[in-house]
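Per the numbering used here, the sequence shown starts with residue 1, numbered consecutively.
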Amino acid sequence: MEAKVIYVVSDSTGETAERVTRATLLQFPDHPVRLKVERRVRDRRGLTTILESAAAQNAMIVFTLVRPELRDHFNQQAALLKVRHVDLIGSLISQIGHYLQADPVNIPSAEMPLSEEYFRRVEAIEFAVKSDDGKEPRNLHKADLVVVGVSRTSKTPLSTYLAGRGLKVANVPLVLDVEPPSELYELPGYRVVGLTIDVDQLMDIRKQRLQQLGMPPDANYGLRDHVKAELEYAHAIFRAHPEWMVVDVTNCAIEETATIILDAVKEREELRGLTMPPPRVL
């Protein structure tokens, strides 16, 4: 089956449109699609060139154009060239404007001044890198959240994702018969998140990792008895600390796990009458 083409066009970074499009394509796993992302398209000539290319390929376009004059030009040319297109943001801007009884500023996000929230995200990402895989345990008290779990339970990508939402996140590996750093037990329980996973899925993940590293498949790291013992060790630690939140990441995407954690954290903080740094709106 020949792959169809979808253009993602934006006058900013294109992150929102690309994310939404890729998420939607997951609903069509048997249909190959090539994405072409065109970022920071800010003049009519650039839009016309893209539209002509899309028309020649019988492609579809998903776009987010904040400036009304660019949206109008795009819609006119798309109709003229008979290019199938979806406006992800124009209608939303209009409806929110009506609801708020206010006019939008019509400035692409990439052109807006850097905010305090932006610098907070940068700081959080730097913290996650420095605090990855149990490094710098003395800094655990500075973390908004500390993620703990055995190897290959997505601690690092989850920490990085949450850091992108503005939270300082450290992660600590739980290694069989190795005592975690004492600093972990000094933290308030609501700041610790334990990760668990189905033993069979963890075995599969680890075997793939062993293959990538060129290691023998019968290494302890991927054997069922060893994997099961590691998980039981982690569960024993979790049971000893019932105040920790524990999330089962079996068959969960990073984004799904992050949403579960963020929702739980928000609920806990509201009950305690506190607030954590608000996550970034994607």
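Backbone N, C-alpha and C define an ideal beta-carbon position, used for all residues, glycine too.
Using a threshold of 8 Å, state whether the C-beta atoms of residue i and residue j are closer than that.
i      : j      : result
GLY194 : ALA240 : no
VAL37  : VAL5   : no
ASP11  : PRO108 : yes
THR64  : THR21  : no
PRO68  : ASN106 : yes
LEU262 : LEU187 : no
ARG152 : LEU210 : no
TYR125 : ALA170 : The amino acid at residue 125 is misidentified as Tyr; the sequence shows Ile. Against a cut-off of 8 Å, the Cβ pair of ALA170 and ILE125 comes out as no contact.
VAL41  : LEU35  : no
THR257 : VAL247 : yes
ALA54  : VAL83  : yes
VAL148 : VAL172 : yes
ARG39  : HIS73  : no
Using a beta-carbon distance below 8 Å, is residue i in contact with chain B?
i     : result
GLY14 : As a matter of chain content, chain B is missing from the structure shown, which is built from one protein chain.
If you count every other CB in all the chains shown that lies within 10 Å of the CB of residue i, and 16 or more means buried, which is it?
i      : result
ALA23  : exposed
VAL281 : For VAL281, the predicted model reports a pLDDT of 34, less than 50, meaning its position is unreliable; a value from the coordinates is still stated below. Burial call: exposed.
PHE238 : buried
LYS296 : The shown model of the chain, from 1 to 282, leaves out residue 296, and the question about it has no answer.
LEU174 : buried
LEU26  : exposed
LEU271 : exposed
PRO278 : Reliability fails at PRO278, whose pLDDT of 44 lies under 50, so the model's placement of it is uncertain and no value is given.
ILE96  : exposed
GLN101 : exposed
LYS168 : buried
ALA236 : exposed
GLY214 : exposed
VAL129 : exposed
PHE28  : exposed
TYR99  : exposed
ALA56  : exposed
ARG71  : buried
ALA219 : exposed
How close, in whole Å, do the beta carbons of residue i and residue j come, if the pair is a contact with beta carbons under 8 Å?
i      : j      : result
SER154 : VAL249 : 6 Å
VAL192 : VAL146 : 5 Å
THR176 : GLU230 : Before going further, note that residue 176 is Leu rather than Thr in the sequence given. At roughly 5 Å, the Cβ-Cβ gap stays under 8 Å, so LEU176 and GLU230 are in contact.
GLU52  : LEU81  : 7 Å
TYR190 : ARG268 : 5 Å
LYS207 : PRO217 : 6 Å
GLU117 : GLY166 : 6 Å
Report the option in the options whose CA atom is closest to the CA atom of residue i.
i      : options                           : result
ILE61  : LEU70, GLY134, ALA78 and SER151   : ALA78
SER91  : LEU81, GLU256, LYS82 and ASN75    : ASN75
PRO181 : SER131, ALA219, TYR221 and GLU116 : SER131
ARG120 : LEU100, ALA3, ASP144 and GLU111   : ASP144
ALA3   : HIS31, GLU256 and ALA128          : HIS31
MET1   : VAL33, GLU18, ARG19 and GLY14     : VAL33
THR13  : GLU111, ILE254 and GLU232         : GLU111
THR196 : ARG224, GLU232, HIS226 and ALA219 : GLU232
VAL150 : HIS226, ILE50, PRO29 and GLN212   : HIS226
GLU123 : ARG138, LYS142, PRO137 and ASP133 : LYS142
ARG19  : ARG224, ILE205 and GLU255         : GLU255
Could you tell me which residues DSSP puts in a beta bridge with residue i?
i      : result
GLY149 : PRO173
TYR7   : LYS36 and ILE61
LEU286 : A question about residue 286 goes unanswered here, because the residues of the chain that appear run from 1 up to 282.
ASP87  : PHE63
Given 7 Å as the limit, tell me if residue i has its C-beta closer than that to any heavy atom belonging to the ligand FMN.
i      : result
ALA258 : You won't find the ligand FMN in this model; it holds no ligand whatsoever.
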